[in-house]
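The sequence shown maps to residues 250 to 573 in our numbering.
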Amino acid sequence: MNLKRKLLLATLPLALGLSSFVQAEMTLKIAEIHPAGYPTVVAMENLGKKLEAATNGDIKSRMFAGGVLGSEKEVIEQTQIGAVQLTRVSLGSVGSVVPATNVFNMPFVFRDVDHMRKIIDGEIGQEILDAITNSDFNMVGLAWMDGGSRSLYTKKPIRSIEDLKGMKIRVMGNPLFIDTLNAMGANGIAMDTGEIFSALQSGVIDGAENNPPTLLEHNHFRSAKYYTQTHHLILPEPLLMSKTTWNKLTPEQQELVKKLAKEAQLEERQLWDEKSASSVEKLKAEGVEFIKIDTKPFYDATAPVREKYGAQFVELIQRIEAVQ
250 MNLKRKLLLA
260 TLPLALGLSS
270 FVQAEMTLKI
280 AEIHPAGYPT
290 VVAMENLGKK
300 LEAATNGDIK
310 SRMFAGGVLG
320 SEKEVIEQTQ
330 IGAVQLTRVS
340 LGSVGSVVPA
350 TNVFNMPFVF
360 RDVDHMRKII
370 DGEIGQEILD
380 AITNSDFNMV
390 GLAWMDGGSR
400 SLYTKKPIRS
410 IEDLKGMKIR
420 VMGNPLFIDT
430 LNAMGANGIA
440 MDTGEIFSAL
450 QSGVIDGAEN
460 NPPTLLEHNH
470 FRSAKYYTQT
480 HHLILPEPLL
490 MSKTTWNKLT
500 PEQQELVKKL
510 AKEAQLEERQ
520 LWDEKSASSV
530 EKLKAEGVEF
540 IKIDTKPFYD
550 ATAPVREKYG
560 AQFVELIQRI
570 EAVQ
């Protein structure tokens with residue numbers, strides 16, 4: 250064996266080792282439409298920090314909050330092609346491409362927030378995440394973020410279902426949500442979150458539906474001073490990783506990401522409860538009126554929506570209802 254060949258064989262293991270090390274190093278680009286300090290942003294930032302520490306810096310992360318990488322729809326598209334590696338998205342944005350998730354999108358499918366949390370912490374929650382992973386969405390469902398319950402915030406007060414008739418209400422771009430608002434008597438209008446502020450100011454819409462932290466953090470309260478507590482939707486929000494990125498991780502790294510994502514799920518929940526309570530107090534101080542209302546007329550009005558979209562989920566809905 251000549252000297253050149255001996256040197257090549259001697260250095261080959263080192264070269265392969267360096268190659269593996271280089272492949273293992275990556276920086277996760279994390280995107281969020283919500284601003285810095287928002288519960289989901291903080292939980293994902295902390296997930297990134299834990300991941301960097303646990304991998305000795307092999308996997309780093311960088312947060313892009315406040316919608317700097319685009320609307321939620323644009324972030325989803327970037328995550329699908331691997332340009333963004335990790336994100337939290339509204340479930341309504343997923344329902345149109347992963348139909349199984351629409352079981353959580355239906356109005357009044359959960360009794361309350363505690364009921365929703367028991368579902369996402371259990372086997373049903375994991376089944377829906379797996380449905381996302383196994384779809385053509387090109388994302389991996391890791392965990393659930395808590396988005397609280399969604400109610401109506403408007404420029405004029407809604408004290409009964411009759412008051413909602415004909416009002417233009419922004420919803421996420423999912424036919425199920427449009428049908429839900431239409432069934433209540435409103436005119437559901439699909440629109441990106443970033444467009445709501447100006448649409449409220451200009452009168453393009455009369456209101457929107459979301460949770461108190463969103464009403465506060467996105468400054469929608471400056472136009473919409475009435476928050477009617479319909480609680481028509483209680484939506485968990487999936488934490489997703491690009492499948493392109495996921496497939497680059499070693500099995501050990503994948504298990505670590507799963508573990509830390511579940512920790513982020515519980516951390517965000519605590520942050521959410523604190524944020525939600527403080528948001529309500531701040532909104533009240535800004536003159537927002539919180540209106541308690543009889544929700545039964547809203548529940549009854551949306552029965553056709555549950556019948557239309559729930560037909561394929563009869564057994565799953567029964568399992569959800571059975572959870573105490």
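For every residue, glycine included, the Cβ atom is placed at its ideal position computed from N, Cα and C.
Is it buried or exposed for E516, if we count other Cβ within 10 angstroms and need 16 for buried? Here residue 516 is taken as the residue at index 267 of the sequence shown, counted from 1. E516 should be labelled buried.
What is the DSSP secondary structure of N305, reduced to helix, strand or coil? As a position in the sequence shown, residue 305 is number 56, starting the count at 1. Coil at N305, not helix or strand.
Are the CB atoms of T493 and V282 within a distance shorter than 7 Å? Translated into positions along the sequence shown, residue 282 becomes position 33. Translated into positions along the sequence shown, residue 493 becomes position 244. It should be pointed out that residue 282 corresponds to Ile in this sequence rather than to Val. Not closer than 7 Å, so no.
Neighbour-count burial assignment, I330, 16 or more Cβ in a 10 Å radius: The residue given as residue 330 occupies position 81 in the sequence shown. Exposed: under 16 other Cβ atoms inside 10 Å.
Examine the ligand NAP and report whether any of its heavy atoms sits within less than 6 Å of the Cβ of L277. Summarising the ligand content, the structure contains no ligands, and the ligand NAP is consequently not present.
Which of helix, strand or coil DSSP assigns to E281: The residue given as residue 281 occupies position 32 in the sequence shown. Coil.
Reducing DSSP to helix, strand and coil, say where R568 ends up. Start at 1 with the first residue of the sequence shown, and residue 568 comes out as number 319. R568: helix per DSSP, three-state reduction.
Can you tell me which of the three DSSP states N460 falls into? Within the sequence shown, numbered from 1, the residue matching residue 460 stands at position 211. Looking at N460 - three-state DSSP - the assignment turns out to be coil, as it is neither helix nor strand.
Sorted by chain position, which residues of the same chain lie with C-beta nearer than 6 Å to Q327's C-beta, five sequence neighbours on each side aside? Counting from 1 along the sequence shown, the entry for residue 327 is found at position 78. Answer for Q327: V333, listed in chain order.
Buried or exposed for A571, going by 16 or more other Cβ atoms inside 10 Å? Counted from its first residue, the sequence shown places residue 571 at position 322. Its Cβ having fewer than 16 others within 10 Å, A571 is exposed.
Segment contact flag, the region 424-432 with the region 340-358, C-beta cutoff 8 Å, min 3 pairs: yes
Just to confirm, are G456 and A473 a CB contact at a threshold of 7 Å? For the purposes of this step, residue 456 is taken as residue 207 along the sequence shown, with counting starting at 1. For the purposes of this step, residue 473 is taken as residue 224 along the sequence shown, with counting starting at 1. Yes, the pair counts as a contact, with Cβ atoms nearer than the cut-off.
Proximity of K324 and A280 at Cβ, strictly below 7 Å: Counted from its first residue, the sequence shown places residue 324 at position 75. Counted from its first residue, the sequence shown places residue 280 at position 31. Here residue 324 is Val; the residue named in the question, Lys, does not match the sequence. The answer is yes: Cβ separation under 7 Å.
Can you tell me whether D395 is buried or exposed? The criterion is at least 16 other CB atoms within 10 Å of its CB, across all chains shown. Taking the first residue of the sequence shown as 1, we reach residue 395 at position 146. So D395 counts as buried.
DSSP state of F539 mapped onto helix, strand, coil: In the sequence shown, counting from the first residue as 1, residue 539 sits at position 290. Strand.
Secondary structure of E512, DSSP reduced to three states: Position 263 of the sequence shown, counted from the first residue, corresponds to residue 512. DSSP places E512 in helix when its eight states are reduced to three.
Do V537 and F446 have their CB atoms nearer than 7 Å? Position 288 of the sequence shown, counted from the start, is the residue given in the question as residue 537. Position 197 of the sequence shown, counted from the start, is the residue given in the question as residue 446. Not a contact, by the Cβ cut-off of 7 Å.
Considering only residues of the region 422-504, which uninterrupted beta strand (DSSP E) runs meet the minimum length of 3 residues and lie entirely inside it, listed in chain order? 436-439, 456-459, 475-491
Please name the residue or residues paired with S398 in a DSSP beta bridge. Along the sequence shown, one-based indexing puts residue 398 at 149. Per DSSP, the beta bridge partners of S398 are I483.
Between A392 and K511, which are expected to be in contact by the criterion C-beta below 8 Å, what is the C-beta distance as a whole number of angstroms? Along the sequence shown, one-based indexing puts residue 392 at 143. Along the sequence shown, one-based indexing puts residue 511 at 262. The pair is a contact, with the Cβ atoms about 5 Å apart (cut-off 8 Å).
The alpha helix (DSSP H) with I368 in it runs from where to where? Counting from one through the sequence shown, the residue named residue 368 turns up at place 119. Where I368 is concerned, the enclosing alpha helix (DSSP H) stretches over 362-370.
Best match in V453, L413, A448 for proximity to D434 [C-alpha to C-alpha]: Against the sequence shown, residue 434 aligns to sequence position 185. Going by the sequence as given, residue 434 is Gly instead of Asp. The candidate whose alpha carbon is nearest that of G434 is L413.
Contact under 7 Å by Cβ, T463 with I540: Indexing the sequence shown from 1 puts residue 463 at position 214. Indexing the sequence shown from 1 puts residue 540 at position 291. Their beta carbons are not under 7 Å apart, which means T463 does not touch I540 by this criterion.
F357 by DSSP, collapsed to three states: which one? Residue 357 sits at position 108 when you count from the first residue of the sequence shown. Residue state, collapsed to three classes: coil.
Tell me the residue span of the beta strand (DSSP E) that contains R408. Here residue 408 refers to the residue found at position 159 of the sequence shown. Element bounds for R408: n/a, residue is neither H nor E.
Going straight from the alpha carbon of I542 to that of N460, what length do you get? Working through the sequence shown from its first residue, we reach residue 542 at position 293. Working through the sequence shown from its first residue, we reach residue 460 at position 211. When rounded, the distance between both Cα atoms is 16 Å.
Rounded separation between A513 and I438 - CA only: Working through the sequence shown from its first residue, we reach residue 513 at position 264. Working through the sequence shown from its first residue, we reach residue 438 at position 189. Their Cα atoms are separated by approximately 33 Å.
Could you check which residue in M421, G297, L449 has the C-alpha nearest to that of T336? Start at 1 with the first residue of the sequence shown, and residue 336 comes out as number 87. It is G297 whose Cα lies nearest to the Cα of T336.
Using only the alpha-carbon positions, how far apart do L449 and P553 sit? Numbered from its first residue, the sequence shown carries residue 449 at position 200. Numbered from its first residue, the sequence shown carries residue 553 at position 304. Spanning the two alpha carbons is a distance of roughly 29 Å.
For F313, which of helix, strand or coil comes out of DSSP? On the sequence shown, position 64 is the one that residue 313 refers to. F313: strand per DSSP, three-state reduction.
Own chain partners of K367 with C-beta closer than 6 Å, once the 5 adjacent residues on each side are dropped: Indexing the sequence shown from 1 puts residue 367 at position 118. Answer for K367: V572, listed in chain order.
Who does G390 pair with in a DSSP beta bridge? Along the sequence shown, read from residue 1 onward, the residue named residue 390 stands at position 141. DSSP lists L489 as partners of G390.
Identified DSSP bridge partners for I418: Here residue 418 refers to the residue found at position 169 of the sequence shown. Looking at the DSSP assignment, I418 forms a beta bridge with G437, G456.
Might you give, ordered along the chain, the residues of its own chain that have their beta carbon closer than 8 Å to the beta carbon of Y287, omitting 5 neighbours on each side? Position 38 of the sequence shown holds residue 287. So the qualifying residues of the chain are E281, A314, P462, E466, K524.
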